[in-house]
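Down below is the structure, laid out as structure tokens.
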Amino acid sequence: MALVLQDSRIGLIAGNGQLPFLFARAAKARGLEVVAVAHRGETDPALASEVASLTWVRVGQVNRIQKAFRAGAVNQAAMAGGIGRVKALKDARPDLGAMRIISRLRSFRDDALLRAVAADFESHGITIISPTDFLGEVLCPEGHLAGPPLRSVQSQDVALGREVAVLLGQADVGQTVVVHEGHVLALEAVEGTDEAIRRGGRLLGGPGAVVVKRCKPQQDLRFDLPAAGPRTLEVMKEVGAKVLALEAGRTVLLDAPELFAGARAAGITLVGVS
923 MALVLQDSRI GLIAGNGQLP FLFARAAKAR GLEVVAVAHR GETDPALASE VASLTWVRVG
983 QVNRIQKAFR AGAVNQAAMA GGIGRVKALK DARPDLGAMR IISRLRSFRD DALLRAVAAD
1043 FESHGITIIS PTDFLGEVLC PEGHLAGPPL RSVQSQDVAL GREVAVLLGQ ADVGQTVVVH
1103 EGHVLALEAV EGTDEAIRRG GRLLGGPGAV VVKRCKPQQD LRFDLPAAGP RTLEVMKEVG
1163 AKVLALEAGR TVLLDAPELF AGARAAGITL VGVS
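First residue of the sequence shown: 923, per the working numbering; consecutive thereafter.
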């Protein structure tokens, strides 16, 4: 279904990384003013130069976010960029709005929590949309994208990683699996993708790991889309990982030209898989 924009403003709930910048630029290219809320300790302060207004909050300050959007006459908003789970657990400052949401939850898993957040925003007149409504051009295509062709054993590892990632996602735990020659080395949990890759590489103790990243089967595309960029490659180079397999059509490529060039230079195979 095509996105129907209701006015000339769009809200942005910004986390870390480059995705908030990509979203802000794409929205501005459509002639929209971007009213942004950024999270302290997560969002790059340089985002201020990309948006019409920027309000800083701490993780869990739901009422403050809603107040900023009401002041900015925003009735549609997107969440773009991640929030470090470990940092969020340590630094969250839940306000009455957050407590209102928490009191209705039966599960504290990521998907349930984020859907409850979206429902609360919508009950206050702010519809949460998917950032991919603006960023379709940065989603991973299918097929070989950069680096050497997959060897047979690597193709088998990609298939195994995909199978395990589906099960991992069904449990709402993480999105990344690290594999080598039929052995699962690491599963992403609260530590995030980069640390999962490092942990898998350390267990292997040498080059050759295959990294598979994909959406959870039940993924709500408004939240927590998997993403990969040059930083992911840098972590893979640290441990000698040789393949990065991403779910086509549902993974955001950050700085795709640099990502492809970096993969070719490092001899890392980059593929989009269904």
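In this text, a Cβ means the ideal position worked out from N, Cα and C, and glycines have one as well.
Three-state secondary structure (DSSP) at Arg962? coil
I'd like the ranges of any beta strand (DSSP E) spanning at least 3 consecutive residues and lying wholly in the region 964–992. 975–979
Is it right to say Glu1160 is buried, meaning 16 or more other beta carbons lie within 10 angstroms of its own, or is it exposed? exposed
Just confirm the distance between the C-beta atoms of Asp929 and Asn997, as a whole number of angstroms; I'd bet it's less than 8 Å. 7 Å
Which residue wins for smallest C-alpha separation from Glu1117, given the options Val1100, Ala949, Arg1026? Val1100
His1066 classed as buried or exposed, judged by whether at least 16 other C-beta atoms fall within 10 angstroms: Exposed, since its Cβ has fewer than 16 Cβ neighbours within 10 Å.
Excluding sequence positions up to five away, which residues of its chain have a Cβ less than 6 Å from the Cβ of Ala1183? If the five residues before and after Ala1183 are omitted, its C-beta is found closer than 6 Å to no C-beta atom of its own chain.
Can you name the residues that DSSP bridges to Asn938? Gly1004
Is it buried or exposed, Gln1140, if we count other Cβ atoms within 10 angstroms and call 16 or more buried? exposed
Reduced DSSP secondary structure (H/G/I, E/B, other) of Ile1050: strand
Would you kindly check if the distance between the Cβ of Thr965 and the Cβ of Ala936 is under 8 Å? Yes.
So Ile1190 and Leu1175 are supposed to be a Cβ contact under 8 Å. How far apart are they, rounded? Rounded, the Cβ-Cβ distance is 14 Å, inconsistent with contact.
What are the start and end residues of each continuous alpha helix (DSSP H) run of 4 or more residues lying completely inside the region 1030–1111, in chain order? Every unbroken stretch of the alpha helix (DSSP H) spanning 4 or more residues and falling wholly within the region 1030–1111 is given here in chain order: 1032–1045, 1054–1057, 1074–1092.
So, using beta-carbon positions, are Val1195 and Arg1037 closer together than 8 Å? Contact flag unset, no.
Measuring straight from C-alpha to C-alpha, what distance separates Gly933 and Phe945? Cα-Cα distance, rounded: 10 Å.
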